[in-house]
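Report on one structure; see the data block that follows.
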Amino acid sequence: MPELSPSPSRTRGLHIITWGCQMNVYDSARMADVLRPLGYQPVERPEEADMIILNTCHIRERAAEKVFSELGRLRGICEERQANGRRTLLAVAGCVAQAEGEELLARAPYVDLVLGPQTYHRLPEMVAKVARAGGSVIETDFPAETKFDALPDEAAPQTPGNLTAFLTIQEGCDKFCSFCVVPYTRGAETSRPVAAIAAEARRMAASGVREITLLGQNVNAYHGLDDDGVSTVDLAGLAERLRHIPGLERIRYTTSHPRDMTTRLIEAHRDNPALMPFLHLPVQSGSDRVLKAMNRGHTAAQYRELVAELRKARPDLALSSDFIVGHPGETEEDFEATLQLVRDIRFASAFSFKYSPRPGTPAAGQPAQVPEDVKSRRLAVLQALLREQQDTFNASLVGTVQDILITGPGRKAGQLNGRTPYLQPVHFEGTPDLIGQIVQVRITEKLSNSLSAILLKEHPDA
Ligand code: 5AD
Ligand code: SF4
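Numbering (this note's numbering), first residue to last: 919 to 1380.
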């Protein structure tokens, strides 16, 4: 077997396949960071890789089946490389690894490493273990040291040239919604200290990042330790600190829980100009009966009230949400209540899903499962309504002036691409020297998935 022990003298190829949420995208980048000192460099194709990591998502349907089918494909690539005398380490990371680690190794014994989301800082050690012992290594504990403490401070070098970046500030969730695996796969809620986040944000801004999205499964429950090591800072406080970092213009955060939408955070949308007027605030259902069964801890009226307060604080705020149709026990009347809530609130965009039982979660064991055809029909009706609202929202911007972060050249010569405060892609004519700036445009047309615009002038303080 070729030598695998940590030695930075040789370059090795690393190919990471990322499924699922933005948190996984962030985790994949961090895994690449901790492996870099071992000589691992990203490669485009798995065929060129000495190590392949499949970073998985467990949130919805047939997660494990998808993983096994992808592993089958990757196994073929590993075997072909082996035939040419080149060993490939195959690792499965993320939430499927966490939830089904043992079963995974039983069904796919050719996998070398299985690691849960809390243990990727141990990757170098695990790689060494595989090299020493052969066989497979599994790490799905929730270790006492957190991965954030264990990561070197200078970890997270950002890809130069990136204008937007994700930054994980909080992980795990204590809410235990009836349908959700996150509290089991990502563990209890933990927040990173303010100093570590601020340092990472400063490095990002210094490398050219202008827009940061703060990530967490329950991001607005954030309560990180302040520099004194005793007091804690909430999300409103954190955003206030971050907005003073030179170069950092825009701050977003996702995903929030309605119960943690505090008055302070609502007021931050009024007082902190860096906070973008676009909020992803999942409601899941518009029926109080279903919300109770989901253990969401809020009613539809409370959600409506919250939205009213947010819109009062920031009148141009647009909302997006997640919905689940067909939660066990959901009746036609419950579903109608969801449609009514959507009509009342008017969402700018949304994600909607058919309920799918996740093993080990309370809802999975409930007898009143909704038949598949009913779920499909409800999802189609809800999605048509949400699509209509998204189109209406996009069309409502035609004629308005918007601040656009220019992210790169457009598809056609002489064109630039950017995004609005509401994350819609926009293209307009302009010169490449403007890339990275925030400029004002007038929206001229709504296309099917984007907007076109004309450049007005450079932003006064860009
Ligand atoms: N079935 C369907 N959708 C789910 N989600 C989470 N768990 C499930 C499940 N078991 C959806 C929720 C959540 C989003 C990330 O995924 O709407 O907000
Ligand atoms: Fe899952 Fe979000 Fe509920 Fe937490 S708040 S259990 S992450 S759906």
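We put the CB at the ideal spot given by N, CA and C, even for glycine.
- Taking methionine 949 as the centre and dropping the five residues before and after it, the same chain places the C-beta of Ile934, Ile971, Asn973, Ala1011, Tyr1038 and Leu1041 closer than 8 Å to its C-beta, in chain order.
- Remark: C-beta atoms of lysine 1364 and alanine 1313 approach each other more closely than 8 Å.
- Per DSSP, reduced to three states, the secondary structure at serine 987 is helical.
- A distance filter of 6 Å between CB atoms and the heavy atoms of the ligand 5AD selects the following residues in sequence order: Ile977, Arg978, Phe1097, Cys1098, Pro1200, Gln1202, Asp1240, Ile1242, Phe1271, Tyr1273, Ser1274 and Arg1276.
- DSSP places glutamine 1258 in the uninterrupted alpha helix (DSSP H) bounded by 1250-1263.
- When beta bridges are read from the DSSP output, aspartate 1240 appears opposite Phe1269.
- Screening all residues for a C-beta within a distance smaller than 6 Å of any heavy atom in the ligand SF4 leaves Cys1091, Lys1093, Phe1094, Cys1095, Cys1098, Val1100, Pro1101, Gln1135, Asn1136 and His1175, in chain order.
- Tyrosine 1171 sits in a strand when the DSSP states are folded into three classes.
- DSSP, reduced to helix, strand and coil, places glutamine 1135 outside both helices and strands of the structure shown, so it counts as coil.
- In terms of Cα proximity to glutamate 1167, the closest of Ala1157, Thr1173, Gly1134 and Pro1176 is Ala1157.
- For asparagine 1335, no alpha helix (DSSP H) segment is defined; the enclosing uninterrupted segment is the beta strand (DSSP E) at 1333-1337.
- Proximity of the segment 1196-1215 to the segment 1169-1176 meets the contact definition, three or more beta-carbon pairs being nearer than 8 Å.
- Between glycine 1165 and the set Asp1309, Thr1362, Glu1020 and Ala1123, the nearest pair of CA atoms involves Ala1123.
- Residue pairing by DSSP places alanine 1371 opposite Ile1361 in a beta bridge.
- Remark: C-beta atoms of leucine 992 and leucine 1031 do not approach each other more closely than 8 Å.
- Sixteen is the threshold: since fewer than 16 other Cβ atoms of the shown chains lie within 10 Å of the Cβ of glycine 994, the residue is exposed.
- Under the Cβ criterion (8 Å, minimum of three pairs), the segment 1138-1150 counts as touching the segment 1083-1101.
- Put simply, the backbone Cα of isoleucine 1361 is about 20 Å away from that of alanine 1331.
- With a threshold of 16 other beta carbon atoms within 10 Å, phenylalanine 1269 falls short and is exposed.
- Looking from the CA of isoleucine 1372, the closest CA among Leu1334, Tyr958 and Val1201 belongs to Leu1334.
- Taking 8 Å as the cut-off, the Cβ atoms of threonine 1325 and arginine 1337 count as close.
- In this structure alanine 1255 is in contact with alanine 1218, their Cβ atoms being roughly 7 Å apart against a cut-off of 8 Å.
- By the C-beta criterion, the segment 1296-1313 is judged not to be in contact with the segment 1196-1204, since fewer than 3 inter-stretch pairs fall below 8 Å.
- Contact check between the segment 1011-1026 and the segment 931-945: three or more CB pairs, one atom from each, fall below 8 Å, which counts as touching.
- The straight-line gap separating the alpha-carbon atoms of leucine 1315 and isoleucine 1115 is approximately 34 Å.
- Contact check for phenylalanine 1097 against threonine 929 fails: the beta carbons are separated by 8 Å or more.
- Taking each of Val1127, Pro955, Ala1015 and Ala1106 in turn and checking the Cα distance to phenylalanine 986, the smallest one comes out for Ala1015.
- Within the same chain, Asp1152 and Ala1154 come within 7 Å of arginine 1182 by CB-CB distance, once the 5 residues on both sides are set aside.
- Look at threonine 1103 here: in three-state DSSP terms it is helix.
- Rounded to the nearest angstrom, the gap between the Cα atoms of glutamate 1057 and phenylalanine 1346 is 49 Å.
- Within the same chain, and ignoring the five residues on either side of proline 1343 in sequence, the residues whose Cβ sits closer than 8 Å to its Cβ are Asn1335, Gly1336, Arg1337, Asn1367, Ser1368 and Leu1369.
- If you draw a straight line from the Cα of glutamine 1358 to the Cα of proline 1339, it is about 11 Å long.
- In chain order, His976, Ile977, Cys1013, Ala1017, Arg1276, Gly1278 and Thr1279 place their CB closer than 8 Å to the CB of valine 1099, counting only its own chain and leaving out the 5 sequence neighbours on each side.
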